[in-house]
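So the structure is just underneath, and the comments pick up after that.
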Amino acid sequence: MFNNLQTLVNSCKQMSRTVSARIKPQMHENLREQCNKIGCSINDFVEACIELGLTGHTDFDFGDEKQDDKSQINDNSRNDVKKVVIQA
Numbered sequence: 001m002f003n004n005l006q007t008l009v010n011s012c013k014q015m016s017r018t019v020s021a022r023i024k025p026q027m028h029e030n031l032r033e034q035c036n037k038i039g040c041s042i043n044d045f046v047e048a049c050i051e052l053g054l055t056g057h058t059d060f061d062f063g064d065e066k067q068d069d070k071s072q073i074n075d076n077s078r079n080d081v082k083k084v085v086i087q088a
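Shown next, in the form of structure tokens:
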């Protein structure tokens, strides 16, 4: 009986979990810069990425609407280069 009560209590609690990932230094720097640019924490950004990956949608604003021309490649003088636009 006690075990069932403990399970019920634990299922009503919303528990926070910690996830750790090893990423390359340059990726971490890019992540930090993007978070600073859009004004969010790394935790919020990564949480939204996980949500997007798991559910296919999120209300989080990744700041991709504010991308400058450096995030796009467009060189009409070469046939082997195509325009690339990154969208979430």
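Counting along the sequence shown from 1, when you hit position 84 you're at 84 in this note's numbering, and nothing is skipped either side. For each residue, glycine too, the CB sits at the ideal point set by N, CA and C.
Handout entry: Nonlocal neighbours in the same chain, by C-beta distance under 6 angstroms from residue 51, ignoring five residues either side
Key = 58
Exercise for the section: May I ask which residues mark the beginning and end of the alpha helix (DSSP H) holding residue 14? Expected result: Careful: residue 14 lies outside any alpha helix (DSSP H) and carries neither H nor E.
Problem - Other residues of its chain near residue 63: CB distance less than 7 angstroms, five sequence neighbours each side excluded - result: 34, 37 and 38
Exercise for the section: Would you kindly work out how many angstroms separate the C-alpha atoms of residue 41 and residue 27, rounded to a whole number? Expected result: 15 angstroms
Practice task
Specify the secondary structure class of residue 22 as computed by DSSP and reduced to three states.
Solution key: coil
Exercise for the section: Out of 30, 65, 14 and 43, state which residue places its alpha-carbon closest to the alpha-carbon of residue 20. Expected result: 43
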